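Chemist:
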């Protein structure tokens, strides 16, 4: 077992020790920028936490593949931000806003490749399995982004389709992170499978929590403006559930059709939609869903050695929802 | 030794046997499209040819990694075409023209990942080396595209810089193709190194030949309109050498500044530039350069078992220049 303090230190040093190349400057500067503005490193932390259950020390053969998960995630954000025309990310200008579309495409590409370079640090004995897991996951993440874009064109989506989409776009990468930690540690296939399920379910809970916080969160803690999903008519958990539950679909569609040209219009649309969510009592329902999926995630690994570390990780990840 | 006919058949079947996923349709259709309009499969052919020197039969452990080279190359074309705003590729509409920028970005991404998935078929014993070689190469190709974009903003580049750029953008992937065939076959480090040099030099010759054919080629054989580099003021071998050699740089710059709004203007600019190249006798010089670099490539592998196959491959690749 490796303690949390050791993992914390490894996460802090992860992108200090091993940086990116310097030249050509325009190509590599966006990579450093994205990592620098980067968030809580939840994917490498999950990988190291899973690894810590079965091993007593960390080395490059797990730290670099764990870093690959963060690098890959950052790559998807660079490209998603172009497609979604998002101008801000974690309060900072996005790469395409700062460097232009072409640079954002190319720097994203080299960041994707950089993820695979770091993956190659895995021990040779497990590299084939790690590479297969990672490539399947990476393709799924792209499929999730595709569904996200497809669903934008639909007037509404069912809860099943919503869950499928966030499963691909968010949950598989957390599932991969947890399983990869187990595989790198040489854990049994059974434990690796359980950790995959744990990561997957936790990923679903995390995304539902994110959708909840977009409406009911504290802007400072959330890190982005409240109501962004409402402004963009995003097929979030909240909207999907509201469309299922409301008896006044026409009223809901009128709110979806409201213009968002200026700040005033945006605030008024957010307020109107929030009033619907309030009247449908979605806040409690969302919190219950998050709690229940998180419980399922923990159930998947119940009795595993070092369970406490997995419980702490889960509560830290979705604990923002109170 | 594996004969050419067996390699030809493997190349023909390469993307028939193992296709791409069907769903989501918009995500995977561009991959099939790019492979279908794809050209001469020179990279997988080089990989299989190098492999054939040391082995007597082909199997998935070399065919899939060889296919990965073509898939990766196609991915770079999808993204390059967005950046370069190219509307046609091999006489067909480019992916971004057909499906839009967002689809082209995302389908390119999943195609890059697909390349790594196929690479994972390499035998476990050589997978670490193959993965390291491939990721280093892939990053270099992105660096080459970056230099290409950077150089577009410069008024001229030196021949050294031109060679560095095509080295990264074109030659490293051919070098990787040849070396990977050797590594997959379990060839000696010495032979793998020689094949790397052979592929690299051949890649340089291939790119100079491409630049030559853009001016002096037969449009039907060349597969794209003659004079594209001239219209786009591309820093080709021809232009780089002309800028070095001319005693009338101002005259050359006046041609570079000519407008290309309509067909007439484009044809007139092409004719003006071609007249300069003719007066500087660049056609012969280019052919000599191509011949000399190709000779260096063959020198790198002289005396190797199965040398004849490498010689045939080289002449087929750059033999379009007569």
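Chains as they are written, first to last, in the working numbering: chain Y, 70 to 391; chain Z, 70 to 391. Note that the Cβ used here is the ideal one computed from N, Cα and C, for glycine as well. Computed from a predicted structure; not experimentally measured.
Over what stretch of residues does the alpha helix (DSSP H) that includes residue 110 of chain Z continue unbroken?
Modeler: Taking the first residue of the second chain as position 1, residue 110 of chain Z is located at position 41. That residue, residue 110 of chain Z, is in no alpha helix (DSSP H); it is neither H nor E in DSSP.
Chemist: If you pair each beta-carbon of the region 229-247 of chain Y with each one of the region 111-119 of chain Y, do three or more pairs fall below 8 Å?
Modeler: Yes, the region 229-247 of chain Y touches the region 111-119 of chain Y.
Chemist: Roughly how far, in whole angstroms, is the beta-carbon of residue 179 of chain Y from the beta-carbon of residue 208 of chain Z, given that I think they are within contact range, below 8 Å?
Modeler: Taking the first residue of the first chain as 1, we reach residue 179 of chain Y at position 110. Taking the first residue of the second chain as 1, we reach residue 208 of chain Z at position 139. Contact flag correct, Cβ pair sits at about 6 Å.
Chemist: Rounded C-beta distance between residue 138 of chain Y and residue 242 of chain Y? I'm assuming under 8 Å.
Modeler: By 1-based counting over the first chain, the position of residue 138 of chain Y is 69. By 1-based counting over the first chain, the position of residue 242 of chain Y is 173. Contact flag correct, Cβ pair sits at about 7 Å.
Chemist: Interface residues of chain Y around residue 182 of chain Z at Cβ under 8 Å?
Modeler: To locate residue 182 of chain Z, count along the second chain from 1; it is residue 113. The answer, in chain order, is 181, 204, 207, 208 and 211.
Chemist: Would the beta-carbon of residue 193 of chain Y fall within 8 Å of that of residue 140 of chain Y?
Modeler: Taking the first chain and counting its residues from 1, the one referred to as residue 193 of chain Y is at position 124. Taking the first chain and counting its residues from 1, the one referred to as residue 140 of chain Y is at position 71. Not closer than 8 Å, so no.
Chemist: Might you give, ordered along the chain, the residues of its own chain that have their beta carbon closer than 8 Å to the beta carbon of residue 130 of chain Y, omitting 5 neighbours on each side?
Modeler: For this step, residue 130 of chain Y is matched to residue 61 along the first chain. Excluding sequence neighbours, residue 130 of chain Y sits near 190, 191, 192 and 253.
Chemist: Output the distance between the C-alpha atoms of residue 315 of chain Z and residue 365 of chain Z, rounded to the nearest integer angstrom.
Modeler: If you number the second chain from 1, residue 315 of chain Z lands on position 246. If you number the second chain from 1, residue 365 of chain Z lands on position 296. Using only the alpha carbons, I get a separation of about 28 Å.
Chemist: Could you tell me the boundaries of the alpha helix (DSSP H) in which residue 218 of chain Y lies?
Modeler: Locating residue 218 of chain Y in the first chain gives position 149, counting from the first residue. Start and end: 196-221.
Chemist: Starting from the Cα of residue 224 of chain Z, find the closest Cα among Z/302, Z/363 and Z/359 and give me that residue.
Modeler: Taking the first residue of the second chain as 1, we reach residue 224 of chain Z at position 155. Considering only alpha carbons, the answer is Z/302.
Chemist: Where does residue 374 of chain Z fall in DSSP's three states?
Modeler: Within the second chain, numbered from 1, the residue matching residue 374 of chain Z stands at position 305. The answer is coil: DSSP assigns residue 374 of chain Z none of H, G, I, E or B.
Chemist: Apart from the five residues on each side of it in sequence, which residues of its chain come closer than 6 Å, Cβ to Cβ, to residue 306 of chain Y?
Modeler: The residue you call residue 306 of chain Y lines up with position 237 of the first chain. So the list reads 277 and 280, once near-sequence residues are dropped.
Chemist: Would you tell me roughly how many angstroms separate the C-alpha atoms of residue 197 of chain Y and residue 81 of chain Y, rounded to the nearest one?
Modeler: Position 128 of the first chain, counting from 1, holds the residue named residue 197 of chain Y. Position 12 of the first chain, counting from 1, holds the residue named residue 81 of chain Y. For residue 197 of chain Y and residue 81 of chain Y, the distance between alpha carbons rounds to 28 Å.
Chemist: Where do the ends of the alpha helix (DSSP H) carrying residue 402 of chain Y lie?
Modeler: This structure cannot speak to residue 402 of chain Y, because chain Y is shown only from 70 to 391.
Chemist: List the DSSP bridge partners of residue 161 of chain Y.
Modeler: Mapped onto the first chain, residue 161 of chain Y falls at position 92. Y/158.
Chemist: Check whether the region 268-275 of chain Y and the region 212-219 of chain Y are in contact - that is, three or more C-beta pairs closer than 8 Å.
Modeler: No, because fewer than three Cβ pairs between the region 268-275 of chain Y and the region 212-219 of chain Y fall closer than 8 Å, the two stretches do not touch.
Chemist: Would you mind working out which of Z/147, Z/333, Z/342 and Z/110 sits nearest residue 324 of chain Z, comparing C-alpha positions?
Modeler: As a first step, residue 324 of chain Z must be located in the second chain, where it is residue number 255. Of Z/147, Z/333, Z/342 and Z/110, the residue nearest in Cα terms is Z/342.
Chemist: So for residue 333 of chain Z, helix, strand or coil by DSSP?
Modeler: Residue 333 of chain Z sits at position 264 when you count from the first residue of the second chain. DSSP places residue 333 of chain Z in helix when its eight states are reduced to three.
Chemist: Would you mind reading off the limits of the alpha helix (DSSP H) that contains residue 297 of chain Z?
Modeler: In the second chain, counting from the first residue as 1, residue 297 of chain Z sits at position 228. 297-300 is the span of the alpha helix (DSSP H), which, as asked, contains residue 297 of chain Z.
Chemist: In chain A, which residues lie less than 7 Å from residue 197 of chain Y when you measure between Cβ atoms?
Modeler: Of the protein chains in the structure, Y and Z, none is chain A.
Chemist: Please classify residue 303 of chain Y: does DSSP put it in a helix, a strand, or coil?
Modeler: Here the question's residue 303 of chain Y lines up with position 234 in the first chain. Here residue 303 of chain Y sits in coil by DSSP.
Chemist: Can you pull the chain Z neighbours of residue 100 of chain Y, defined as C-beta to C-beta under 9 Å?
Modeler: As a position in the first chain, residue 100 of chain Y is number 31, starting the count at 1. Chain Z residues near residue 100 of chain Y: none, gap ~11 Å exceeds 9 Å.
Chemist: From the beta carbon of residue 93 of chain Y, is the nearest beta carbon of chain Z less than 8 Å away?
Modeler: Here residue 93 of chain Y refers to the residue found at position 24 when the first chain is read from its first residue. Yes - at least one Cβ of chain Z is within 8 Å of the one on residue 93 of chain Y.
Chemist: Find the residues of chain Y that neighbour residue 261 of chain Z, judging by a C-beta separation of less than 8 Å, and give them in chain order.
Modeler: Working through the second chain from its first residue, we reach residue 261 of chain Z at position 192. Ordered by position in chain Y, no residue passes the 8 Å Cβ test against residue 261 of chain Z, which lies about 18 Å from the chain.
Chemist: Take residue 328 of chain Y and list the residues in its own chain whose beta-carbon comes closer than 7 Å to its own, dropping the five residues that flank it on each side.
Modeler: As a first step, residue 328 of chain Y is located in the first chain; it is residue number 259 there, counting from the start. Around residue 328 of chain Y: 334.
Chemist: Counting along the chain, where does the alpha helix (DSSP H) carrying residue 275 of chain Z start and finish?
Modeler: Residue mapping note: residue 275 of chain Z aligns to position 206 of the second chain, counting from 1. 258-285 is the span of the alpha helix (DSSP H), which, as asked, contains residue 275 of chain Z.
Chemist: Going by the beta-carbon positions, is the gap between residue 373 of chain Z and residue 260 of chain Z smaller than 8 Å?
Modeler: The residue you call residue 373 of chain Z lines up with position 304 of the second chain. The residue you call residue 260 of chain Z lines up with position 191 of the second chain. Yes, the Cβ-Cβ distance between residue 373 of chain Z and residue 260 of chain Z is below 8 Å.
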